[in-house]
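Chains as they are written, first to last, in our numbering: chain W, 3 to 435; chain R, 4 to 522. In what follows, a single structure is set out as structure tokens and then discussed.
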């Protein structure tokens, strides 16, 4: 129905996926395409901030920084210099669920990229001095991204109250106290537990010859000691029975609030109607929450919803920054009546078709660069544990019905399932001394 | 097109997230998980104050397998046309994905804003979507969103042009272009929509002032450009309150004319089909080229000075230091681009290596070069921890001096040049970047083969040229330093306040976050 409504159908790109498993447990996912003379390599370690025990928050991410600091074969700094000199780019990121390292290089440098990644998977050298310096960098990262930003720490408060036992209750960046307490010995133990072939997935996307790439992977990664797949036994968050409300005062100009509803994990059947619901609620100027809070009632400067979809169940957010003279309570009442409308009346067929078109566009745009394709494939393979979703996940969205969305809204968007953080401006903060 | 879902946001690169955090409150929730800029290592053997020498000769073991094959860069050629009404058209075919994007540049932007109405170009561009003779604001929103497409106008402060962009799925090209033509040709600027827009703009203005990056950018622009229009980086409450639909109509009628515009297309379309669609939807558009009022001359550069914007409770000092650079068409542009790359153009450049990797003062230190039809700036910047404001500014100044005083080594220069060429090549993966580069050539009247020759032009820049243009454009006698931070917090190990620390770097003027001079 959706695709037929157009003058011509949208040609959804499909990829041929090759999977290679090495005896040491490493999995490699390869998609060969020759659109541009470029290849992206990613290594996904299945370890994120949810694997950090209490008192060691921020560890997975701090460790990500250390992976650039030299190995038995590479002087400090040499890794990235190779990539830069090859004319490539590299970076890394850490989420609640995984730590990802990537480089995009001209295709003739695939061998180099694979060698470098295999090398740092098992040959890292961590000195006390490098460790201390990176820890300062990470603390500065926390200040820049969170502590020194308006509303920057609100999310931390929301998670600390919405989750009581599951480790999603702490931030990936970690606390200053825990970062200060971290030791080199802890870091080395972390490396030996999680940075092993048995816990790693390699993704290669772009301009390469399959047989050659596979040989190269066997040659460089094959000899590495596999290690044991680490366990990820985490406590389940118990159902939330009563609405929690937290009030904060911050150095901001305008009041704000955020509501977080518990929702299921990514890749589960209900994740798809919820993602479409988020589009209908807040993507574009015709969306419900924008229309109501920002455009019609002029209560808010900005109002949006979005799910933080992850490996374990996480939160669906609705948040708004309110205009002067409007209270968080007024904003929440407006949002809650939109949420109630979604529960009680569902969505129209136009809204459903619009949301599917927006998803289709996101899907297509995410295929633009080799790196974004590698990212998507790695996520499907490691977090969703189904690499075939790289091609087929879009169908799950396109199958969602209006009834699915209403049912999901009824199930998850209940007042007692929500934690709310209200932010009030500190009246003295913005004025003169 | 913005993908706003948290799932995608949390996985984007370091640049995007930093920008998102700082400039758009809309993503303050989306950084639960981090997209990181990676760690970069210390030099092999830093020796106290001698670190700058160590930086340029990092130890290498040379054990990795390297391919010496040179990088080939091939740019697709745009098909160019001019409609009888004077509209310039560029079409780039890109059939990899079923997407299409249109970009219309109008040769009049925020620089044209009257002194008493800052933001006029921006208000006009923003309001295009709020009603036409054929559609209400709500109908436009429903039709654009219904396609899963995006369509918006913008006119950046300090910019010489306004821009209307539309993008979506390729089968919707006809419909999308019709919508774009409607908002460009037939906007009505309804009073009730303008009233709503004013409320949003006023709240936005208030919101901006809590961002340290905005405050630093604003103060830097003010002290560099003074009376020149590029000093303005936001509207005022006054201009928002007083602007009328007639003001918008006058700006639109004067400048939104085909003789004054370039329309670019990139995506899964054939050039003849694209041109036919453009003729159909933009053929009726009328109006000869008009010149915006001539820009006033730039003021003489002010003597070097230091500005503190006191932001109580800041946990960091946002430092910016720079001076006037050059126009986009200046022959020194490419050598200065190379200077910027060596100095601070990325995580393997000097500022990052020194301030972050050697000293751990910051999460990131960079420099940036801007250039337009008037002289832009070359500036270095870093948000640093309060307590190291003194040390960090000392190192930042040392790097600005070093690139002037010392000849860059062949090795370091070669690496910088290769990395510029390579990131240029990698950027061509993205259709929007391809189009942007083609539009830039057309807009600034650069040679047709500018980008074809770009890699070779970069590779030809010599150590002497680097030093020569660094001396010319990093003007220490007229360098302006801006710090946004908490004046009373200790800014060094001796416990001197940030305010006292800054006095060591030149004449200090202190302002509050509303721009009021404190001392």
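Glycine included, every Cβ here is placed at the ideal spot set by N, Cα and C.
At a C-beta separation below 8 Å, residue 296(W) has these neighbours in chain R: 203.
The segment 161–168 of chain W and the segment 71–84 of chain W do not touch, with fewer than 3 CB-CB distances between them shorter than 8 Å. Under the Cβ distance rule, residue 15(W) counts among the residues neighbouring chain R, one pair being separated by less than 8 Å.
At a cut-off of 8 Å, the C-beta of residue 366(R) has a neighbouring C-beta in chain W. The beta carbon of residue 150(R) sits closer than 6 Å to those of 171 and 175, all from its chain and outside the five residues before and after it, given in chain order. Neighbours of residue 386(R) across chain W, judged by C-beta separation under 9 Å: 142, 145, 146 and 150. In the structure shown, the three-state DSSP call for residue 310(W) is coil. With a contact defined as Cβ atoms closer than 8 Å, residue 354(R) and residue 368(R) qualify at about 4 Å. Comparing alpha carbon positions, the residue from 365(R), 363(R), 400(R) and 275(R) closest to residue 326(R) is 400(R).
Contact holds between the segment 124–134 of chain R and the segment 143–157 of chain R, because three or more Cβ pairs, one in each stretch, are under 8 Å apart. A distance below 7 Å between beta-carbons, with the five flanking residues on each side excluded, links residue 239(R) to the following residues of its chain, in chain order: 121. In chain order, 148 and 151 make up the part of chain R whose C-beta sits under 8 Å from the C-beta of residue 360(W). Taking a Cβ-Cβ threshold of 7 Å, none of the residues of chain R is close to residue 244(W); the smallest such distance is about 22 Å. Only exposed fits residue 388(W), as fewer than 16 other CB atoms lie within 10 angstroms of its CB. Interface residue (Cβ-Cβ distance to chain W less than 8 Å): residue 114(R) is not classified as such. For the pair residue 470(R) and residue 410(R), the CB atoms are nearer than the 8 Å cut-off. Between the alpha carbons of residue 409(W) and residue 270(W) lies a gap of roughly 15 Å. Residues of chain R with a Cβ closer than 8 Å to the Cβ of residue 300(W) are, in chain order, 199, 202 and 203. When the five nearest sequence neighbours on each side are left out, the beta carbons in the same chain lying within less than 8 Å of the beta carbon of residue 38(W) are those of 208, 209 and 372, in order along the chain. Annotation: residue 327(W) to residue 206(R) spans about 11 Å, alpha carbon to alpha carbon.
Cβ proximity to chain R below 7 Å picks out 253, 254, 255 and 256 from the segment 246–258 of chain W. Residue 99(R) belongs to the set of residues whose beta carbon lies under 8 Å from a beta carbon in chain W. Judged by DSSP secondary structure, residue 136(W) falls within the alpha helix (DSSP H) whose first and last residues are 130–144.
The beta-bridge partner set that DSSP reports for residue 249(W) consists of 424(W). Under the 8 Å criterion on CB atoms, residue 209(R) is classed as interfacial with respect to chain W.
DSSP places residue 106(W) inside the beta strand (DSSP E), whose first and last residues are 101–108. Minimum Cα-Cα distance from residue 418(W) among the listed residues 243(W), 247(W) and 59(W) corresponds to 243(W). The beta carbon of residue 220(R) is closer than 8 Å to those of 236 and 323 in its chain, skipping five residues each way along the sequence. Of all C-beta pairs linking the segment 253–267 of chain R to the segment 155–163 of chain R, fewer than three are shorter than 8 Å, placing the two stretches out of contact.
Of all residues in the segment 429–457 of chain R, only 429, 431, 432, 433 and 434 place a beta-carbon less than 8 Å from a beta-carbon of chain W. Taking 3 residues as the minimum length, the beta strand (DSSP E) runs contained wholly in the segment 247–275 of chain R are 264–270, in order along the chain. Residue contact check for residue 177(W) against chain R: no CB pair falls below 8 Å. Bounds of the beta strand (DSSP E) holding residue 207(W) are 202–208. Taking 8 Å as the threshold, the shortest C-beta distance from residue 108(W) to chain R falls below it. Taking a 10 Å sphere around the C-beta of residue 191(W), we find fewer than 16 other C-beta atoms and assign the residue as exposed. In the three-state reduction of the DSSP assignment, residue 222(R) falls in the helix class, which pools H, G and I.
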